[in-house]
Ligand SMILES: [Mg+2]
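In this note's numbering, the protein residues as written are 1 to 390.
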């Protein structure tokens with residue numbers, strides 16, 4: 001089998017990223033989205049999504065490469081290759097883009113391609129991705145509703161009640177106005193805990209941008225980070241997420257030693273080498289590789305093995321379309337110990353429209369893990385054609 005095309009597909013929508021003052025739903029990035037489609041001469045195709053600077057991803061995948069290794073575009077490195085050689089091709093893409101890549105945009109594009117190749121491998125084997133990765137240990141997983149902080153305690157209460165009505169047993173509030181006003185932060189968390197009651201999980205993602213997401217400001221000091229963990233512990237928060245500068249591994253390790261609340265992070269981490277440093281340095285209780293950023297399934301499956309050896313939990317970060325959720329669910333199916341799947345309840349019209357398969361919350365707050373060829377989540381190609389701009 002040979003790869004015949006690696007196609008970045010650029011979509012434009014009318015949505016904006018934001019939270020509300022009321023309980024109305026927040027929204028993820030709905031203005032641009034890029035998908036990757038890898039095609040083969042055997043008629044098998046893989047699809048994946050990426051959260052990145054979408055128009056630039058087109059150049060990284062299918063633009064004009066240069067003559068020397070390290071300056072190649074990802075597509076030209078793959079045409080004619082056997083898609084079943086997934087991990088050899090990961091190495092080829094990494095080296096081929098190393099001068100401008102290694103992290104960020106190029107690694108995000110590499111991640112999507114890697115996921116496409118794993119999908120093709122599963123299709124060629126006629127099995128689910130979970131079966132290819134080692135087998136299914138579970139058929140369902142508790143979902144947490146993943147959304148943005150609302151701007152008022154009343155909005156938090158209404159939002160939390162809405163997720164309870166939909167069947168969720170766990171909710172994560174993140175970003176939005178959190179960090180702008182410490183007094184209000186506490187009121188928002190208190191309202192969420194009150195509405196969720198003592199038996200449902202409340203997770204908090206304060207964001208690591210200084211002073212909220214709208215304006216630049218100083219980072220939290222170590223003392224401020226520890227103080228944040230201390231007051232969140234009063235509300236029985238299940239984890240505090242990604243709230244320290246992503247390059248500052250020492251601070252993660254220090255704060256974790258002083259926090260009664262488990263520390264979750266890893267959505268900013270990429271490549272196995274970096275995950276190994278992050279985990280071995282004792283930075284987290286819950287590692288959160290994002291399959292569209294970390295280097296794809298090839299990296300995430302090795303991170304899962306490391307997490308098991310180190311006795312920490314792994315919950316993939318997945319706040320994008322249900323394609324990414326679909327890949328995440330297949331990895332979760334294989335984990336010896338699994339806690340949650342992140343379920344993006346704040347999808348814009350653009351991110352929601354990309355998949356035809358709807359993943360639903362069951363009465364017990366779980367999502368069924370598809371047991372179908374590849375990931376069991378299909379792209380709505382009519383929707384994609386209608387929103388495509390390249
Ligand atoms: Mg996060």
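Positions of the beta carbon are idealized from the N, C-alpha and C atoms, including for glycine.
The alpha-carbon separation between residue 184 and residue 133 amounts to approximately 45 Å.
Sixteen is the threshold: since fewer than 16 other Cβ atoms of the shown chains lie within 10 Å of the Cβ of residue 16, the residue is exposed.
Residue range 170-174 is occupied by the beta strand (DSSP E) that includes residue 173.
Shortest gap from the CB of residue 51 to any heavy atom of ligand 1: 7 Å or more. In the three-state reduction of the DSSP assignment, residue 297 falls in the helix class, which pools H, G and I. The continuous stretches of alpha helix (DSSP H) do not include residue 390, and DSSP gives it neither H nor E. Looking at the DSSP output, residue 240 bridges to 204, 263.
With a cut-off of 7 Å, the C-beta of residue 285 is classified as distant from ligand 1, since no heavy atom of the ligand falls inside that distance. If only uninterrupted alpha helix (DSSP H) runs of at least 4 residues are considered, those enclosed by the segment 132-200 are 153-165, 182-196.
Following the DSSP letters along the chain, one finds residue 123 in no beta strand (DSSP E) but inside the alpha helix (DSSP H) bounded by residues 104-125.
Beta-bridge pairing by DSSP links residue 46 to 38. Short note on residue 201: C-beta not closer than 7 Å to any heavy atom of ligand 1. Rounded to the nearest angstrom, the Cβ distance from residue 379 to residue 355 is 6 Å, consistent with a contact under 8 Å. Residue 363 counts as exposed, since fewer than 16 other beta carbons sit within 10 angstroms of its beta carbon. For the pair of segments examined, the segment 314-329 was found to touch the segment 373-389: the number of CB pairs separated by less than 8 Å reaches three. Put simply, the backbone Cα of residue 274 is about 17 Å away from that of residue 309.
Between the segment 85-105 and the segment 139-148, the count of C-beta pairs closer than 8 Å stays below three; the two stretches do not touch.
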